[in-house]
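Sequential numbering of the sequence shown, starting at 7, is according to my numbering.
Glycine is no exception: its CB is placed at the ideal position from the N, C-alpha and C atoms.
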Amino acid sequence: MPGKQLSDPCMDCKDADAVLTIRRRSLCRDCYIQFVGYKAFRRMERYRLRKDLPRTGPCPVLLPLSCGLSSSVLLNMVHAQVEEQLSKPRGPQAFDLHVLIVEPSSISSTNVLQDGAFELLQRRFPLASFTRLPLHSVFEYVPGLDRILAEYAGQSFADNTSRPPKERLDAFRASITSPTSIADVDSILLNRLIIAFAKDINCVGIIWGDSDDRLAAKTLANVSKGRGSCLTWQVSDGPSPFGMEFNFPLRDLFTAELQNYANFFPELTEIIIPDAPLSDNILTKNLSIDQLMMRYVSSQGAKYPGVMSNVTRTANKLQSSRMPTDGSRCVLCDTVICNPEGSTNQSQFIVDSEKHPSNNFCYACERSRPELS
7 MPGKQLSDPC MDCKDADAVL TIRRRSLCRD CYIQFVGYKA FRRMERYRLR KDLPRTGPCP
67 VLLPLSCGLS SSVLLNMVHA QVEEQLSKPR GPQAFDLHVL IVEPSSISST NVLQDGAFEL
127 LQRRFPLASF TRLPLHSVFE YVPGLDRILA EYAGQSFADN TSRPPKERLD AFRASITSPT
187 SIADVDSILL NRLIIAFAKD INCVGIIWGD SDDRLAAKTL ANVSKGRGSC LTWQVSDGPS
247 PFGMEFNFPL RDLFTAELQN YANFFPELTE IIIPDAPLSD NILTKNLSID QLMMRYVSSQ
307 GAKYPGVMSN VTRTANKLQS SRMPTDGSRC VLCDTVICNP EGSTNQSQFI VDSEKHPSNN
367 FCYACERSRP ELS
């Protein structure tokens, strides 16, 4: 009996028509899902192999879910990996999957989780445990943060401790006028909440849903903001300064490839909050450095994907700074403060030292304070 005639056979299985082309390979639906999913799978295998990790029992890992494209796709891939592990009678479960959703609307009013999305997530991914927190719960998980924010904001900000945490955080954010500083502080608070929560439930690692182009944009933005010393853990797999592993399983995949993957799973479209497109009419001065770099990478990455990949790969090869440090940490971002030539004065670039008497902030946090931004 003659075989089925295919107009454009898949280059891998040869048994179905190709539906998409990825990296010059025409693949059918199943082979595309397998190709993309394997990129994340092999990076998550380290938890099964237990290299430099606890040898007994599954490793608890945290996946911060923003309900954006990348983190939602990562959840789908990692949950499928847990299902596969449990389907093998003798195969040990490599990790326990915990998912933290920081309420998107508490970060930006334009990001609203759809009605029933949280319940849908729990039904769709039953092997993961879910926690949902607002951003202002960072006051609960990071003791003394209210005093740190008041010191960071300076004399122009007065914290009213009698108000609810949400109103206090909103008032602090409103005291910052620079778009770059606002985005920078939001990112710091979000990271501190995620890391503190991960420690609270004894996770050995955090798996972040950043794609290749997102990591490239983060690399360029952090260098521009004076956070270049943080690249060794903000965009690279491996240990972090917070006592746990950071892993970026989607680092070999582009956003467009993740979008094609998501299109094969209709249930993801009910969860994903699409990114608001940046209008070309917005003045550059009204955009943060992070937005500018993401816009640049998105436009240039479509033309020169290899160049953007090189940015990420180069950053991944960086080693930790060997600059002298006494072990002190920035009170805001909690990273180690480097002291060039043994100096302990982080505010040498500030003209009016009376307005900024504190040396408790790292260079990047100091230069983004409201009275300097």
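Rounded separation between residue i and residue j - CA only
i      : j      : result
SER246 : TRP239 : 5 Å
CYS371 : LEU119 : 30 Å
ASP176 : LEU199 : 16 Å
ILE207 : LEU71  : 16 Å
ARG130 : SER77  : 15 Å
GLY333 : ALA189 : 27 Å
ILE107 : LEU196 : 11 Å
LEU127 : LYS172 : 25 Å
MET83  : GLY43  : 6 Å
ALA202 : ASP18  : 44 Å
LEU103 : LEU69  : 7 Å
GLN99  : ARG373 : 45 Å
TYR369 : VAL337 : 12 Å
ARG31  : ARG335 : 48 Å
PRO15  : ASP23  : 4 Å
CYS65  : LYS291 : 45 Å
GLY234 : SER115 : 30 Å
VAL241 : LEU92  : 30 Å
ARG380 : SER162 : Past the edges of the chain, shown from 7 to 379, lies residue 380, and the structure says nothing about it.
ALA321 : VAL105 : 27 Å
ARG35  : PRO272 : 14 Å
THR261 : ALA308 : 10 Å
LEU141 : CYS73  : 15 Å
CYS381 : ILE343 : For residue 381 there is no data in the structure shown, the boundaries of the chain being 7 and 379.
PHE270 : ASN228 : 34 Å
PHE101 : THR137 : 17 Å
GLY150 : CYS339 : 13 Å
VAL148 : LEU139 : 14 Å
Cβ-based burial, residue i [other Cβ within 10 Å; buried from 16]
i      : result
ARG375 : buried
ARG257 : buried
ASN166 : exposed
LYS231 : buried
TYR53  : buried
ARG220 : buried
GLN352 : With a pLDDT of 42 at GLN352, under the threshold of 50, the modelled position of this residue cannot be trusted; read the value that follows with caution. So GLN352 ends up on the buried side.
GLY215 : buried
TYR310 : exposed
ASP21  : exposed
ARG169 : exposed
PRO95  : exposed
LEU55  : exposed
SER193 : buried
ALA164 : exposed
THR186 : buried
9 Å Cβ cutoff met for residue i and residue j
i      : j      : result
GLN306 : MET314 : yes
SER135 : ALA223 : no
LEU12  : VAL25  : no
ILE213 : LEU80  : yes
VAL67  : VAL191 : no
PHE254 : ARG49  : yes
ASP296 : LEU75  : no
THR225 : THR318 : yes
SER217 : LEU264 : yes
PHE145 : ARG179 : no
ALA159 : SER181 : yes
ALA123 : GLU251 : no
TYR38  : TYR267 : yes
LEU133 : GLU89  : yes
ILE279 : PRO110 : yes
PHE41  : GLN87  : no
LYS205 : GLY249 : yes
LYS45  : LEU293 : no
GLU157 : ASN366 : yes
Beta-ladder partner(s) of residue i, from DSSP
i      : result
SER382 : No answer is possible for residue 382: it lies beyond the span of the chain, which begins at 7 and ends at 379.
LEU26  : LEU33
ARG113 : First, the residue type needs correcting, since residue 113 is Ile and not Arg in the sequence shown. Paired residues: none, contrary to the question.
PRO245 : GLU251
GLY211 : VAL67, GLU251
ARG335 : VAL342
PRO376 : Its beta-bridge partners do not exist; DSSP assigns none.
PRO272 : In DSSP, PRO272 forms no bridge with anything.
PRO15  : ASP23
CB contact below 9 Å: residue i versus chain C
i      : result
ILE277 : Any reference to chain C falls outside this structure, which holds one protein chain only.
Tell me the start and end of each unbroken alpha helix (DSSP H) in the region 41-76 that is at least 4 residues and wholly inside, in chain order. Listed in chain order, they are 52-55.
Enumerate, from N- to C-terminal direction, the unbroken beta strand (DSSP E) stretches of 3 or more residues contained entirely within the region 169-240. Complete beta strand (DSSP E) runs here, min 3: 211-213.
Please give me, in chain order, every unbroken run of the alpha helix (DSSP H) with length at least 4 that falls completely inside the region 278-326. Here the runs fully enclosed are 295-309, 311-322.
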